[in-house]
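S.K.:
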Amino acid sequence: MTDKTLAKGSCNCGGVTFSVNVPVTDVYVCHCSICRKSTGSGGIAVTVVPTQSVSFHTGTELIKQWQKPNHDWLTNFCSVCGSPLPGKNDDQRTFIPVSLFDSGYEQLEVKHHIFTDSKASWEVIADNGKQHQGAFG
Ligand SMILES: [Zn+2]
Ligand SMILES: [Zn+2]
Numbered sequence: 001m002t003d004k005t006l007a008k009g010s011c012n013c014g015g016v017t018f019s020v021n022v023p024v025t026d027v028y029v030c031h032c033s034i035c036r037k038s039t040g041s042g043g044i045a046v047t048v049v050p051t052q053s054v055s056f057h058t059g060t061e062l063i064k065q066w067q068k069p070n071h072d073w074l075t076n077f078c079s080v081c082g083s084p085l086p087g088k089n090d091d092q093r094t095f096i097p098v099s100l101f102d103s104g105y106e107q108l109e110v111k112h113h114i115f116t117d118s119k120a121s122w123e124v125i126a127d128n129g130k131q132h133q134g135a136f137g
């Protein structure tokens, strides 16, 4: 529980590894239709950190990117195993799918659900995260 917390993460095949040198705490769950198709599930849970706090250690050559045409939605993913990977949130920040973390993620807690107006009909949100119909903020 110090500012020296170093969270480490990797994809399913282990080809891509990275670390974050700031504490990772807040989880945002996006329920939008694009994230649902991308994961084949109810959406994706990510945390957002300053881009300069993220270091890739191995596998950057394995990273592929897809941007939805005429849209700002994009995903980075491992070209070997298909795991979603950290990607650009905005000019200063990177989003990280939180299940990539292997260590240093003990403080993660769901704080916000976004695009709940698009959530799967079968999904029940049962935690205390604040629900937003569209994007956060
Ligand atoms: Zn991989
Ligand atoms: Zn989404």
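Under the UniProt record's numbering, the sequence shown has 41 at position 41, and the numbering climbs by one with no breaks. C-beta: ideal position from N, C-alpha, C; glycine also.
Report all residues from its chain with a CB closer than 6 Å to the CB of D117; omit the five preceding and five following residues, and keep chain order.
M.R.: Once the five neighbours on either side are set aside, the close Cβ partners of D117 are Q133.
S.K.: Decide yes or no for the touch test of the segment 109–116 against the segment 28–38: beta carbon pairs closer than 8 Å, at least 3 of them.
M.R.: Cβ pair count under 8 Å is three or more, so yes.
S.K.: Three-state secondary structure (DSSP) at L62?
M.R.: Looking at L62 - three-state DSSP - the assignment turns out to be helix.
S.K.: Looking at S53 and V20, is the spacing between their C-beta atoms short of 7 Å?
M.R.: Yes, they are a contact pair.
S.K.: To the nearest angstrom, how far is it from the Cα of L6 to the Cα of N70?
M.R.: Cα-Cα distance, rounded: 36 Å.
S.K.: By how many angstroms is the C-alpha of V124 removed from the C-alpha of P84?
M.R.: Their Cα atoms are separated by approximately 23 Å.
S.K.: Could you check if S41 belongs to the surroundings of ligand 1, using beta carbon to heavy atom distance under 6 Å?
M.R.: Incorrect: S41 has no Cβ contact closer than 6 Å to ligand 1.
S.K.: Exposed or buried, A135, counting other C-beta atoms within 10 Å across all chains shown (16 or more means buried)?
M.R.: Counting Cβ neighbours within 10 Å, A135 comes out exposed, since fewer than 16 surround it.
S.K.: Near ligand 1, which residues have their beta-carbon closer than 6 Å to a heavy atom?
M.R.: Residues with a Cβ closer than 6 Å to any heavy atom of ligand 1, in chain order: C11, N12, C13, G15, V16, C78, V80, C81 and S83.
S.K.: Could you check which residue in S38, G82 and I96 has the C-alpha nearest to that of G9?
M.R.: It is I96.
S.K.: Identify every residue that forms a DSSP beta bridge with L85.
M.R.: Answer is N76, bridged to L85.
S.K.: Relative to the alpha-carbon of G87, which residue among K64, S121, D102 and G104 has its alpha-carbon at the smallest distance?
M.R.: Here the closest residue by C-alpha is K64.
S.K.: Leaving aside the five residues before and after V49 along the sequence, list all residues of the same chain whose C-beta is less than 7 Å from its C-beta, in chain order.
M.R.: V20, V22, V24, R93, T94 and I96.
S.K.: Identify whether C32 lies in helix, strand or coil by the three-state DSSP scheme.
M.R.: The answer is coil: DSSP assigns C32 none of H, G, I, E or B.
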